[in-house]
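Notes follow once the structure below has been shown.
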Amino acid sequence: MIHRYVFQRSRSMPGKRFLEERLTGATGYDRIAGYFDTSLFELAGEALEQVQGSIRIICNSDIRARDVEAAAAAAREQAQRLSFFKHDPEDLAKGGSDRIARLARLLSGQGTAKLEVRVLPDDVFGLIHGKAGVMRYADGRRTSFLGSANETFAGWALNYELVWEDDSDEACDWVQQEFDRLWSHPLAMPLSKAVVQEVERLSRRTEVRLEDWKKNPDAGGVAVESPVYREQFGLWPHQKYFVSQAWKAHQAHGARFVLADQVGLGKTVQLGMVAQLIALSSEKPVLALLPKTLMEQWQVELWDLLQVPSARWNGTAWVDEESHEYQPRGRDPILACPRKIGLISQGLIVHSPESLQCLLEREWSCVIVDEAHHARRRKLPAPDERGPAIRNPDTECNRLYAFLFKLASKTESMLLATATPVQLHPIEAWDLLYLLSQNNPHVLGDVGSFWLDPEKALPVVLGEAELPQEAAEIWPWLKNPFPPSWESPHAKRLRLDAHMSERTAVCGLSFHELRPAARTWASSLCSVFFDQHMPFVRNIIRRTRSYLESTINPATREPYLTLIGIELFGEDEPIPVTGYLANAYQEAEAFCLTLSQRIRAAGFLKTLLLRRIGSSIEAGRRTVAAMLARSQAPLTEDDEANEPENNGQEVQTETLSALYPLTEKETEILQRCASLLEASEEDPKWQVILHFLKDEGWAEEGCILFSQYYDTAYWVARLLSTAFPDLPIGLYAGADKSMLIHQGRELRKERTELKRMVKEHELSILVGTDAASEGLNLQTMGTLINIDLPWNPTKLEQRKGRIQRIGQKRESVKILNLRYKDSVEDRVHQVLAGRLQDIYRLFGQIPDVLEDVWIDIALGEVEKAKQELDRLPHRNPFDERYGRIDSVADWERCAEVVNRIEKIEVLKQGW
1 MIHRYVFQRS RSMPGKRFLE ERLTGATGYD RIAGYFDTSL FELAGEALEQ
51 VQGSIRIICN SDIRARDVEA AAAAAREQAQ RLSFFKHDPE DLAKGGSDRI
101 ARLARLLSGQ GTAKLEVRVL PDDVFGLIHG KAGVMRYADG RRTSFLGSAN
151 ETFAGWALNY ELVWEDDSDE ACDWVQQEFD RLWSHPLAMP LSKAVVQEVE
201 RLSRRTEVRL EDWKKNPDAG GVAVESPVYR EQFGLWPHQK YFVSQAWKAH
251 QAHGARFVLA DQVGLGKTVQ LGMVAQLIAL SSEKPVLALL PKTLMEQWQV
301 ELWDLLQVPS ARWNGTAWVD EESHEYQPRG RDPILACPRK IGLISQGLIV
351 HSPESLQCLL EREWSCVIVD EAHHARRRKL PAPDERGPAI RNPDTECNRL
401 YAFLFKLASK TESMLLATAT PVQLHPIEAW DLLYLLSQNN PHVLGDVGSF
451 WLDPEKALPV VLGEAELPQE AAEIWPWLKN PFPPSWESPH AKRLRLDAHM
501 SERTAVCGLS FHELRPAART WASSLCSVFF DQHMPFVRNI IRRTRSYLES
551 TINPATREPY LTLIGIELFG EDEPIPVTGY LANAYQEAEA FCLTLSQRIR
601 AAGFLKTLLL RRIGSSIEAG RRTVAAMLAR SQAPLTEDDE ANEPENNGQE
651 VQTETLSALY PLTEKETEIL QRCASLLEAS EEDPKWQVIL HFLKDEGWAE
701 EGCILFSQYY DTAYWVARLL STAFPDLPIG LYAGADKSML IHQGRELRKE
751 RTELKRMVKE HELSILVGTD AASEGLNLQT MGTLINIDLP WNPTKLEQRK
801 GRIQRIGQKR ESVKILNLRY KDSVEDRVHQ VLAGRLQDIY RLFGQIPDVL
851 EDVWIDIALG EVEKAKQELD RLPHRNPFDE RYGRIDSVAD WERCAEVVNR
901 IEKIEVLKQG W
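With UniProt numbering as the guide, the letters of the sequence shown map in order to residues 1 to 911.
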């Protein structure tokens, strides 16, 4: 029989009565819903719990079907998690913990009813507007209903809704068939474990005042409801491990670590989370010293991922997270930071150290230094020597190191980040630890420590010296500095037995002065000391992608990180160059050799033309024209970003003006080169690019194309706009050159807008200069084309890290490397082919200093290039031993959370 109902707002709540009456005595309930919403359980939760069987709900999600089809199981879980976690936890919890607790019980199968939920991408059938349900009873009766009422409190109690009920077999069979069709669809996914866990957490959720949190400062109470958990993928185990280690150390005696994770493993968010915890718990401010190119990225990630406000110094004013400028006043304007966390460029230290002396006159709770390998001693020891300790940083080291050496004594905690703690010599890692050890003997120990002498310490670390075997011989190495109690139960027992607090860095007892029981514990600790607890292992935390992808997390029985493979294209297929272009390249080589005989400038400037002509005909043509016009303009931002970084050394930035005046011979060579380039036909790189984007389907998978030079990037972007007239093409560059090109129109765009469009799948092709190689997350794209190969190999790693990074849903990404046959890049590839993989295994990435190899080969000095390669250490002292991940706290279940508004207010307090 058919019954028709109108539900509208009233005190009697007819929708509530309808559900409760139909669910009474039910043994099963199948429901086609819209979006799954917890507020249903505010309305009919008690009645649902009384169902004597299964409750099945199929509902929409805003996950794309394409992602579900392509993704591995773990990635599908993450995609669904993001769909649910976009809801504000405060809003979800407002309906009351009883409702959430009831839902948690149903999902966990506690009680007589068992709730199963499956979600279906709404682009499979379209958004599910047709709502229906079937209820079954013990006596064999069934009833079905159709209507507009969604699975929400509003849908059943507040809105105007129409519902038809029909208990005929024909109607019930029809609704059941439709339900079964949706429920059994191959893309219908069970409700994610993470969503179920979050529902359970919300049932216990309470907010605490910041002062109360400080009494028991659990990192989970700050982390679990931050945007990185709600809108991204949360913190992975290796990230939580570092945050936990640094947070414990800060509270005990000050955190002093080198975070040396490989590119793409999320160093910024790890450091940002630690900075937030320290800033919330201390009255002193936090200082981050960053390369200029990373300043904006840091500020954006702090706010977007952690909801942490910060301010960056632009040279004349402080700029906050919402781009508001603060014009400071007073004698030391740089100290007038309007936020608890301030970001300052390392370039000021290198070029204007006097302007930052005021930073050395105050106390800090934490100092963070990114790209810390730029802080170096001026002259490295010979490869076979281990080298003496630094005696005078002002004379033996560059300005950055000397400044940080003084700053280390002014801060409670100091964190250094670099993917390459060793560039050429193992002593570079010791130097970083020595810097951290200032005013903190927990790093390398105190007076009498063997670790303070690199000539003693490095042979032990490198396995060059025979390690002591007896506990009594190992003890002097172990006791100064002594491990913290959280590293080992034996260390904890020994500290308690010797009445050592966590702030005590050195055990004053000899091995024989220990009690018999303590000697037993000490012997156990000594047996694993050099592998697990020595200062290099303790204070340098380095995880490689391969380690995390191949090591099983005992808690989940899955790898710590989902494997993202690399499919390389173009490695064995350099692009043939013939005719005018080949002749033009020869003229460019002749120009560079002629120039190198006249000027003593750095190799970068001597080889500038070869770099650009090796990028594209367009870049070569424009460069030659500019040189012939005797341009005196400095290099553009995009060009300067590709200058040698000099690892923090104090050198002045060179400009094109250093080339002039050109000699008559040089001018003649350039004129011939210009004529040949003008006569050249279509650049052969373009057809290869077009083939992969169109014929191989890379455009559909999403593609980022990289070039060192704006001229090349703009040229490719314009051609792509013509080849794909229906697609917008993004151009991501420095200065104010970013734009969207569509149907012949160029629209200036902020880089943040281009990033948003990529994230929202509105942009599938993006062309970028190396301004896009840092701080840009492109997990939604699956392919990458290197239009040219930068001579600084680290840039290649940074480019690859845009798509091979946490959050990538594909099992592998595709990379195409383009180079002209017989070019400098091709010759470098031949020389390095047998060495690059070894170097990569050694460091986890290619060190910056190998850019010199490119320059040597470009200038015809192949033997010198090989000698440069031979300088690299042949054994990696910082291998997977630093990759171990101890058990980490389950922050995802943390129910006591810090009030968000209060947190932000505290972090908005100025220095």
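C-beta atoms are modelled at their ideal positions from N, C-alpha and C, and glycine is treated no differently.
Using C-beta distances below 6 Å, list every residue in its chain close to Phe-843, excluding the 5 sequence neighbours before and after it, in chain order. Indexing the sequence shown from 1 puts residue 843 at position 843. Per-residue confidence for Phe-843 stands at a pLDDT of 45, beneath the threshold of 50, marking its modelled position as unreliable; the derived number appears in the next sentence. Short of 6 Å from the beta carbon of Phe-843, and not among the five residues preceding or following it, lie these beta carbons of its own chain, in chain order: Thr-420.
Starting from the C-beta of Glu-412, find all residues in its chain whose C-beta is less than 6 Å away, skip the five residues before and the five after it, and write them out in chain order. Taking the sequence shown and counting its residues from 1, one reaches residue 412 at position 412. Contacts found: Gly-254, Ser-365.
Cut-off 7 Å between Cβ atoms - residues of its own chain near Thr-663, not counting five sequence neighbours on either side: The residue labelled residue 663 in the question sits at position 663 within the sequence shown. Hits under 7 Å: Arg-598.
Would you decide whether Met-1 is buried or exposed? Buried here means 16 or more other CB atoms lie within 10 Å of its CB. On the sequence shown, position 1 is the one that residue 1 refers to. By the 16-neighbour rule on beta-carbons within 10 angstroms, Met-1 is exposed.
For a minimum of 4 consecutive residues, which ranges assigned as the alpha helix (DSSP H) are wholly contained in the region 576-626? Listed in chain order, they are 579-598, 603-606, 608-613.
Classification of Tyr-160 by the beta-carbon crowding that lies within 10 angstroms, buried from 16 upward: By one-based count along the sequence shown, residue 160 stands at place 160. The residue is exposed, with fewer than 16 neighbouring Cβ atoms inside 10 Å.
Could you give the residue range of the alpha helix (DSSP H) that holds Cys-507? Start at 1 with the first residue of the sequence shown, and residue 507 comes out as number 507. Run containing Cys-507: none; DSSP gives neither H nor E here.
Have a look at Glu-20 and Gln-52 and give me their C-alpha separation to the nearest angstrom. On the sequence shown, position 20 is the one that residue 20 refers to. On the sequence shown, position 52 is the one that residue 52 refers to. One C-alpha to the other measures close to 14 Å.
Lys-114 and Ser-54 - do their beta-carbons sit closer together than 7 Å? Against the sequence shown, residue 54 aligns to sequence position 54. Against the sequence shown, residue 114 aligns to sequence position 114. A contact, by the Cβ cut-off of 7 Å.
Taking just the CA atoms, how far does Leu-609 sit from Leu-816? As a first step, residue 816 is located in the sequence shown; it is residue number 816 there, counting from the start. As a first step, residue 609 is located in the sequence shown; it is residue number 609 there, counting from the start. Using only the alpha carbons, I get a separation of about 24 Å.
Roughly how many whole angstroms lie between the Cα atoms of Cys-397 and Leu-289? Residue mapping note: residue 397 aligns to position 397 of the sequence shown, counting from 1. Residue mapping note: residue 289 aligns to position 289 of the sequence shown, counting from 1. So the two alpha carbons sit approximately 18 Å from each other.
Taking all protein chains shown into account, do 16 or more other C-beta atoms lie within 10 angstroms of the C-beta of Gln-798, making it buried, or fewer, making it exposed? Here the question's residue 798 lines up with position 798 in the sequence shown. It counts as buried.
Could you tell me if Tyr-660 is buried or exposed, where buried requires 16 or more neighbouring beta carbons within 10 angstroms of its beta carbon? By 1-based counting over the sequence shown, the position of residue 660 is 660. By the 10 Å Cβ count, Tyr-660 comes out exposed.
So for Thr-551, helix, strand or coil by DSSP? As a position in the sequence shown, residue 551 is number 551, starting the count at 1. Annotated three-state conformation of Thr-551 is coil, per DSSP.
Pull up the DSSP beta-bridge partners for Phe-706, would you. Here residue 706 refers to the residue found at position 706 when the sequence shown is read from its first residue. Bridge pairing for Phe-706: Gly-768, Asn-786 [DSSP].
Environment of Asp-638 [buried if 16+ CB atoms lie within 10 Å]: For the purposes of this step, residue 638 is taken as residue 638 along the sequence shown, with counting starting at 1. Caution applies to Asp-638, whose pLDDT of 43 falls short of 50 and renders its modelled position unreliable; the value that the coordinates give is listed next. Buried, by the Cβ-count rule.
Exposed or buried, which one is Gly-734 when buried takes at least 16 other CB atoms within 10 Å? Along the sequence shown, read from residue 1 onward, the residue named residue 734 stands at position 734. Sixteen is the threshold: when 16 or more other Cβ atoms of the shown chains lie within 10 Å of the Cβ of Gly-734, as they do, the residue is buried.
Straight-line Cα distance separating Ser-524 from Glu-892: Reading the sequence shown from its first residue, position 892 is the one you call residue 892. Reading the sequence shown from its first residue, position 524 is the one you call residue 524. Glu-892 and Ser-524 have their C-alpha atoms spaced approximately 34 Å apart.
Going by beta-carbon coordinates alone, are Val-119 and Gln-176 separated by less than 7 Å? For this step, residue 119 is matched to residue 119 along the sequence shown. For this step, residue 176 is matched to residue 176 along the sequence shown. Against a cut-off of 7 Å, the Cβ pair of Gln-176 and Val-119 comes out as no contact.
Could you check what DSSP says for Trp-475 in three-state terms: helix, strand or coil? The residue you call residue 475 lines up with position 475 of the sequence shown. Helix, per DSSP.
Thr-395 lies in the alpha helix (DSSP H); which residues open and close that run? Against the sequence shown, residue 395 aligns to sequence position 395. 393-396 is the extent of the alpha helix (DSSP H) around Thr-395.
Tell me whether His-250 is buried or exposed, calling it buried when 16 or more other Cβ atoms sit within 10 Å of its Cβ. Residue numbering aside, residue 250 sits at position 250 when the sequence shown is read from its first letter. Of the residues assessed, His-250 falls on the buried side of the cut-off, its CB having 16 or more other CB atoms within 10 angstroms.
Going straight from the alpha carbon of Pro-574 to that of Ser-527, what length do you get? Position 574 of the sequence shown holds residue 574. Position 527 of the sequence shown holds residue 527. Those two C-alpha atoms are separated by around 53 Å.
Taking the alpha carbon of Gln-909 as the point to measure from, which residue in Asp-320, Cys-507, Gln-327 has its own alpha carbon closest? If you number the sequence shown from 1, residue 909 lands on position 909. Across the set Asp-320, Cys-507, Gln-327, the C-alpha of Asp-320 shows the shortest separation from the C-alpha of Gln-909.
DSSP beta-bridge partners for Gly-342? Taking the first residue of the sequence shown as position 1, residue 342 is located at position 342. According to DSSP, Gly-342 bridges with Leu-287, Ala-311.
With a threshold of 8 Å, are at least 3 pairs of Cβ atoms found where one atom belongs to the region 718-732 and the other to the region 741-760? A contact is defined here as three or more CB-CB pairs under 8 Å, and the region 718-732 meets this definition with respect to the region 741-760.
Proximal residues to Ala-188 (C-beta, below 8 Å), its chain only, five neighbours per side dropped: Numbered from 1 along the sequence shown, position 188 holds the residue referred to as residue 188. If the five residues before and after Ala-188 are omitted, its C-beta is found closer than 8 Å to the C-beta atoms of Ile-58, Arg-118, Val-119, Leu-120, Leu-182, all from its own chain and listed in chain order.
Spatial distance of Met-273 from Ile-334 (CA atoms): Counted from its first residue, the sequence shown places residue 273 at position 273. Counted from its first residue, the sequence shown places residue 334 at position 334. Cα to Cα, the separation comes out at about 24 Å.
Extent of the continuous beta strand (DSSP E) run through Thr-143: Sequence index remark: in the sequence shown, residue 143 carries index 143 (1-based). Segment 142-147, the beta strand (DSSP E) holding Thr-143.
Please list, in chain order, all residues of the same chain as Leu-563 whose beta carbon is under 6 Å from its beta carbon, the five residues on each side excluded. Counted from its first residue, the sequence shown places residue 563 at position 563. For Leu-563, where only same-chain residues beyond five positions count, the Cβ hits under 6 Å are Glu-549.
Is the distance from the Cβ of Thr-607 to the Cβ of Trp-698 below 7 Å? Here residue 607 refers to the residue found at position 607 of the sequence shown. Here residue 698 refers to the residue found at position 698 of the sequence shown. The answer is no: Cβ separation not under 7 Å.
Can you find the residues in the same chain that come closer than 8 Å, C-beta to C-beta, to Pro-481, ignoring five residues on each side of it along the sequence? As a first step, residue 481 is located in the sequence shown; it is residue number 481 there, counting from the start. By the criterion of a C-beta distance shorter than 8 Å, Pro-481 is surrounded in its chain by Pro-441, His-442, Val-443, Leu-444, Gly-445, Asp-446, Ser-449, Trp-451, Ala-505, Val-506, Pro-535, once the five residues flanking it on both sides are discounted.
Proximity below 7 Å, CB of Ala-372 to CB of Leu-416: As a first step, residue 372 must be located in the sequence shown, where it is residue number 372. As a first step, residue 416 must be located in the sequence shown, where it is residue number 416. Yes. Within cutoff.
Below 7 Å between beta carbons: does that hold for Ile-341 and Val-269? Taking the sequence shown and counting its residues from 1, one reaches residue 341 at position 341. Taking the sequence shown and counting its residues from 1, one reaches residue 269 at position 269. Cβ distance not < 7 Å, so Ile-341 and Val-269 don't count as in contact.
I'd like to check one pair, Asp-384 with Cys-358: are the Cβ atoms closer than 7 Å? The sequence position of residue 358 within the sequence shown is 358, counting from 1. The sequence position of residue 384 within the sequence shown is 384, counting from 1. Contact: no.
Taking the alpha-carbon of Leu-719 as reference, which of Ile-704, Arg-827, Leu-690 has the nearest alpha-carbon? For the purposes of this step, residue 719 is taken as the residue at position 719 of the sequence shown. Comparing Cα positions, the closest option is Leu-690.
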